[in-house]
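Heads up: the sequence shown begins at 0 in numbering that gives the first Met the number 0, then just goes up one per residue.
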Amino acid sequence: MRRLLAGVTAVAAMSLSSVAWAEESRPSEPEGIQSLGAGDAVAACYVDTFAWDVLSAGSCFAMGSPYTTQVVFGVQGIDQSGGRYVVQYLDGTCESTGYTLDEGNICLRTISRYQTLSQRVQVYDTWTAQWSGILTAYASYEGLD
């Protein structure tokens, strides 16, 4: 009888500790940038130059001597590293798309001197099933004549 009670006690203790462990291992409420939603996304860009370029919210500008160069369009204001967001570039204007650790999901386009390009993008938040509004970034490139 003692052996049976000891076994029941051990099983009960393991069950209770499993419940406590399960409650502890649940993810807590999102904190920091993960608490942001698709509505916090901002379209951004940079015109690729010989300098170290970084995304600029809303619009970007550069001057250069090459007749054409690349524009990198991206999205700021959200953490794209965890797979929470789907970034969708609109209008089929991207020459190529990709992902970088620094910029997240990007869209590459060629820009010529004295040209301005716009790129529309929309972001989907898989946690909340919400879309951002349509976001637009503008890139301008001027020549050094």
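From the three backbone atoms N, C-alpha and C, an ideal C-beta is built for every residue, glycine too.
Own chain residues within Cβ distance below 8 Å of residue i, not counting five before or after
| i | result |
| --- | --- |
| Ala37 | Ile77, Tyr84, Val122, Tyr123, Asp124, Thr127, Gln129, Trp130, Ser131 |
DSSP beta-bridge partners of residue i
| i | result |
| --- | --- |
| Phe49 | None; Phe49 has no bridge partner. |
| Cys44 | Ser55, Phe72 |
| Tyr84 | Asp124 |
| Thr92 | Answer is none; Thr92 lacks a bridge partner. |
Residue range of the unbroken beta strand (DSSP E) whose run includes residue i
| i | result |
| --- | --- |
| Glu102 | Neither: Glu102 is in no beta strand (DSSP E) and is coded neither H nor E. |
| Cys59 | 58 to 63 |
| Gln79 | Looking at the DSSP string, Gln79 is not in any beta strand (DSSP E), and its letter there is neither H nor E. |
| Leu134 | 134 to 142 |
| Ser131 | That residue, Ser131, is in no beta strand (DSSP E); it is neither H nor E in DSSP. |
| Thr115 | 114 to 124 |
6 Å CB neighbourhood of residue i in its chain, flanking five on each side removed
| i | result |
| --- | --- |
| Glu22 | Caution is warranted here: a pLDDT of 47 is assigned to Glu22, below 50, making its placement in the model unreliable, and no coordinate value can be reported. |
| Ser95 | Leu107 |
| Thr8 | Note that Thr8 scores a pLDDT of 46, beneath 50, so its modelled location is shaky; the value from the coordinates is reported in the next line. Excluding sequence neighbours, Thr8 sits near nothing in its chain. |
| Arg2 | Low confidence applies here, because Arg2 scores a pLDDT of 49, under 50, leaving its location unreliable; read the following figure in that light. So no residue of the chain qualifies. |
| Asp47 | Thr68, Gln69 |
Euclidean distance between Cα positions of residue i and residue j
| i | j | result |
| --- | --- | --- |
| Leu54 | Leu143 | 22 Å |
| Phe72 | Ala136 | 7 Å |
| Gln114 | Ala61 | 11 Å |
| Leu100 | Tyr45 | 16 Å |
| Gln87 | Gly103 | 12 Å |
| Ala43 | Phe49 | 19 Å |
| Ser64 | Val70 | 15 Å |
| Ser117 | Ala40 | 17 Å |
| Arg119 | Thr68 | 20 Å |
| Trp51 | Ile133 | 28 Å |
| Gly91 | Glu141 | 25 Å |
| Gln79 | Tyr66 | 33 Å |
| Ile105 | Gly82 | 14 Å |
Short CB-CB distance (under 7 Å) between residue i and chain B
| i | result |
| --- | --- |
| Val85 | Although the question refers to chain B, the structure presented lacks it and comprises just one protein chain. |
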